[in-house]
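Counting from 23, one number per residue, gives the positions in the sequence shown under our numbering.
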Amino acid sequence: MKRPFQIVVLVLGGVGLLHASLFTDLYLNYVKAGMRPLLIASGALLLLLGVAEAWSHRKPDEGSAHAEQHGHEPAGETGHGHSHASVPRVAWLLFLPVLSLLFYAPPALGAYTASRETPQEVTQQEHFDALPPTSPVPITLTDFTRRVQQDRKRAIKGRTVEMTGFVTPDKEGSGWYLTRIIISCCAADAQSVKVRMYGAVALPANTWVSVLGTWHPAGVLGTSTASAALDVGSVRKVARPVNGYTDALPLPTTR
Numbered sequence: 023m024k025r026p027f028q029i030v031v032l033v034l035g036g037v038g039l040l041h042a043s044l045f046t047d048l049y050l051n052y053v054k055a056g057m058r059p060l061l062i063a064s065g066a067l068l069l070l071l072g073v074a075e076a077w078s079h080r081k082p083d084e085g086s087a088h089a090e091q092h093g094h095e096p097a098g099e100t101g102h103g104h105s106h107a108s109v110p111r112v113a114w115l116l117f118l119p120v121l122s123l124l125f126y127a128p129p130a131l132g133a134y135t136a137s138r139e140t141p142q143e144v145t146q147q148e149h150f151d152a153l154p155p156t157s158p159v160p161i162t163l164t165d166f167t168r169r170v171q172q173d174r175k176r177a178i179k180g181r182t183v184e185m186t187g188f189v190t191p192d193k194e195g196s197g198w199y200l201t202r203i204i205i206s207c208c209a210a211d212a213q214s215v216k217v218r219m220y221g222a223v224a225l226p227a228n229t230w231v232s233v234l235g236t237w238h239p240a241g242v243l244g245t246s247t248a249s250a251a252l253d254v255g256s257v258r259k260v261a262r263p264v265n266g267y268t269d270a271l272p273l274p275t276t277r
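Written out as structure tokens, the structure reads:
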């Protein structure tokens, strides 16, 4: 890879990061919202490095010119008149992720990932606050699972809850799950939490939905034998929320 192309990679990389994190919300497909300032700074730095490298490339190499005037070869060349200081050809592969940021960005993690991994185990919780008297009760998938399997007071019994997530079809084609993917930093450390849905036909995979329903009786409520499942009363399509990579109550949508 020649020096001009190295400059192009730096500039396009910077522009791509700025496009994804400063001018659009594309970065939310891969990292948490809190990473945005670091992405913007990284994009600006790459862009500045590319511009600085391009500017320095315009200036004549005084050392090389002086050497040529005295009949010597430039320092980076051998007696055969070619340079051994070039970047390995494999560096051309850097163009792929750079161009993908600008022209074809991979979609957010979704049903494909969730269906191929074991759901994250919920942590133990001893004390549960009283559920609000409102109906339906907005609740996260994790909190719903904890209350079903750990709340000895069985406060979730008979209560209509509202949960939001995306559709993940069962691998055996016998139903579907409401799912949220959780990341600590970026898409590489993603884990999922899922609740089985009963009584409603699944929408297409990765469709974000808000579901109303009650606990599906299976196992002993308040113990680990209880199934994290819901008898669905209604399903409503929604847009992906800003905090789509957390298992939290939905925030305003990204679109």
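Virtual Cβ for every residue (Gly too), placed ideally from N, Cα, C.
As assigned by DSSP and simplified to three states, the class of residue i
i	result
Val33	helix
Leu234	strand
Leu252	strand
Glu184	strand
Pro191	strand
Arg258	strand
Val73	helix
Arg218	strand
Pro19	Outside the shown range of the chain (23 to 277) lies residue 19, about which nothing can therefore be said.
Pro26	helix
Ala119	According to the sequence provided, residue 119 is Pro. The question's Ala does not apply to it. Looking at Pro119 - three-state DSSP - the assignment turns out to be helix.
Val264	coil
His102	With a pLDDT of 49 at His102, under the threshold of 50, the modelled position of this residue cannot be trusted; read the value that follows with caution. If DSSP states are grouped into helix, strand and coil, His102 belongs with coil.
His149	coil
Ala66	helix
Asp165	helix
C-beta atoms of residue i and residue j nearer than 8 Å
i	j	result
Trp230	Phe166	no
Pro191	Ala251	no
Tyr199	Val217	yes
Thr182	Gly235	yes
Leu69	Val37	yes
Arg176	Val144	no
Leu48	Ala66	no
According to DSSP, residues forming a beta bridge with residue i
i	result
Ile204	Gln213
Tyr199	Thr190 and Arg218
Val159	Val183
Val53	Cys208
Neighbourhood of residue i by C-beta distance below 6 Å, restricted to the same chain and skipping five residues each side
i	result
Gly221	Asp253 and Val254
Ser249	Ala240 and Gly241
Leu44	Ile62
His106	In this predicted model, His106 has a pLDDT of only 47, less than 50, meaning its place in the structure is not dependable enough to derive any value.
8 Å Cβ cutoff, residue i in contact with chain B
i	result
Ala227	Protein chains in the displayed structure number just one, and chain B is not present.
Other residues of its chain near residue i: CB distance less than 8 Å, five sequence neighbours each side excluded
i	result
Val73	Val33
Integer Cβ distance of residue i from residue j, believed to fall under 8 Å
i	j	result
Asp173	Gly244	6 Å
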